[in-house]
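Everything below concerns the one structure shown next.
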Amino acid sequence: MSGLRQRWRLKAMRTIQERALDLFDERGFGAVTIEEIAAAAEVSPSSVYRYFGTKEGIVVADEFDRMSPEALKDFLAPDDPVGSLLRAVRAYESAPQSTSGPENTGEGPQTGKSPWRRVRYFFAEPSVREAVCANLDRASGRIAPLIAATGELTETQARVITNALVFGYFAALEQWYLDGGTRPIADYVEEGMRPLRGIWPSSGREHPA
Numbered sequence: 001m002s003g004l005r006q007r008w009r010l011k012a013m014r015t016i017q018e019r020a021l022d023l024f025d026e027r028g029f030g031a032v033t034i035e036e037i038a039a040a041a042e043v044s045p046s047s048v049y050r051y052f053g054t055k056e057g058i059v060v061a062d063e064f065d066r067m068s069p070e071a072l073k074d075f076l077a078p079d080d081p082v083g084s085l086l087r088a089v090r091a092y093e094s095a096p097q098s099t100s101g102p103e104n105t106g107e108g109p110q111t112g113k114s115p116w117r118r119v120r121y122f123f124a125e126p127s128v129r130e131a132v133c134a135n136l137d138r139a140s141g142r143i144a145p146l147i148a149a150t151g152e153l154t155e156t157q158a159r160v161i162t163n164a165l166v167f168g169y170f171a172a173l174e175q176w177y178l179d180g181g182t183r184p185i186a187d188y189v190e191e192g193m194r195p196l197r198g199i200w201p202s203s204g205r206e207h208p209a
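Residue 56 in full-length UniProt numbering is what sits at position 56 of the sequence shown, and the numbering runs on without skipping anything.
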């Protein structure tokens with residue numbers, strides 16, 4: 001039963017996030033309330049608060065936040081974290097586009113139903129950017145011990161490198177946004193992460209997209 005409840009919860013969270021993005025794209029982030037998001041998603045406002053905490057939390061939430069420690073180990077190869085990140089970005093970018101909600105509004109890079117449409121809010125809304133940075137800081141705290149556990153780096157080195165990894169990813173996203181979002185985000189991540197790949201010998205290997 002717990003597995004069924006978890007699947008229902010994840011489905012509800014995805015629906016809330018999609019409906020919220022529909023409203024943000026249509027009316028602007030600041031003009032939309034939690035109550036309006038709840039009504040669009042056909043849930044109670046208390047459910048939105050329980051799942052996401054804040055309106056900013058709706059934008060920044062992703063599957064990584066909900067990964068168990070075991071799933072995180074499977075997701076991120078400690079001996080090739082750059083390659084793991086690139087594979088995840090390519091998989092996300094190649095995901096089918098959603099077909100629900102309003103059509104492309106023409107505002108900002110890759111709006112409409114791109115899987116990256118929420119990214120523009122990371123940089124267009126200061127409060128969302130702050131929430132993203134807090135999320136990245138938490139992500140770094142989860143990843144650093146995995147990197148350190150390989151024994152190839154000290155704990156201090158693992159912490160520094162992990163911050164370079166997660167905040168470097170954010171910097172790549174921002175450059176993609178500033179350039180208009182016309183090229184694949186994976187191109188930016190790959191280019192930006194190139195200086196880090198030499199830290200892990202296996203990071204230089206080619207991996208299938």
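C-beta atoms are modelled at their ideal positions from N, C-alpha and C, and glycine is treated no differently.
Three-state secondary structure assigned by DSSP to residue i
i	result
Leu-85	helix
residue 223	Here the chain has residues from 1 to 209 only, and residue 223 is not among them.
Met-13	helix
Arg-50	helix
Met-67	coil
Arg-5	helix
Ile-199	coil
Trp-176	helix
residue 218	Shown here, the chain extends from 1 to 209; a query on residue 218 therefore has no answer.
Leu-153	coil
Gly-101	With a pLDDT of only 39 at Gly-101, under the threshold of 50, the placement of this residue in the model should not be trusted, and no figure is reported.
Leu-76	coil
Thr-162	helix
Ala-61	coil
Closest by C-alpha distance to residue i, when choosing among the options
i	options	result
Asp-137	Leu-153, Pro-145, Phe-167, Leu-146	Phe-167
Leu-173	Val-89, Gly-30, Ala-40	Val-89
Ala-171	Ala-148, Ser-127, Cys-133, Gln-157	Cys-133
Ala-40	Asp-22, Glu-152, Glu-63	Asp-22
Residue environment, residue i, which counts as buried when at least 16 other CB atoms sit within 10 Å
i	result
Leu-76	buried
Ala-139	buried
Arg-118	buried
Trp-176	buried
Asp-25	buried
Leu-10	exposed
Arg-19	buried
Thr-154	exposed
Gln-17	buried
Gly-181	buried
Euclidean distance between Cα positions of residue i and residue j
i	j	result
Pro-81	Pro-184	20 Å
Ala-38	Leu-4	22 Å
Tyr-121	Ile-58	11 Å
Thr-42	Tyr-188	Reading the sequence as shown, one finds Glu at residue 42 and not Thr. Their Cα atoms are separated by approximately 37 Å.
Val-60	Tyr-169	14 Å
Leu-72	Gly-83	14 Å
Ala-124	Trp-200	34 Å
Arg-197	Ala-12	38 Å
Thr-156	Asp-65	24 Å
Ala-186	Leu-165	14 Å
Phe-52	Leu-178	27 Å
Neighbourhood of residue i by C-beta distance below 6 Å, restricted to the same chain and skipping five residues each side
i	result
Ala-131	Glu-56, Val-60
Thr-162	Ser-140, Ile-143, Ala-144, Ile-147
Neighbourhood of residue i by C-beta distance below 8 Å, restricted to the same chain and skipping five residues each side
i	result
Thr-150	Pro-78, Asp-79
Glu-191	Ala-172
Ser-44	Ala-38
Arg-194	none
Ile-34	Pro-45, Val-48, Tyr-49, Lys-55
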